[in-house]
Amino acid sequence: MDLETENRIASVLLREAAELRRQAEREGVRAYLEKPNVRYRPNSRFLTATVLGVQQCMLLLLTLFFCSLHMLVFTDCGDTPFSFHQQASFK
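Per this note's numbering: the sequence shown = residues 115 to 205.
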């Protein structure tokens, strides 16, 4: 890490420590015990990938469900369009 980055990080840490010290002077030791209310931005690429992954899984499950339902309906009535559902006669 270069010197400029280290100095920037150190200044941020010093500012946060000074603010926490001022808050502790007002509120007491509770200032050190409470978790900070910092809301970070969500990682949009991660969220997009998660949503797309869930959509793909749902599409796969729906496809499998409808294919199995289709096979079940056609197998029950004997009109299956798929050759592997027909039983071969060994004569």
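For each residue, glycine too, the CB sits at the ideal point set by N, CA and C.
Relative to L147, the option among Y154, L134, P156, V126 whose CA is nearest is L134. V152 carries a coil assignment under DSSP once its states are collapsed to helix, strand and coil. Between the alpha carbons of L128 and P150 lies a gap of roughly 16 Å. Inclusion of Q137 and A131 in the CB contact set at 8 Å is not warranted, their separation being larger than that value. Annotation: V168 to V126 spans about 39 Å, alpha carbon to alpha carbon.
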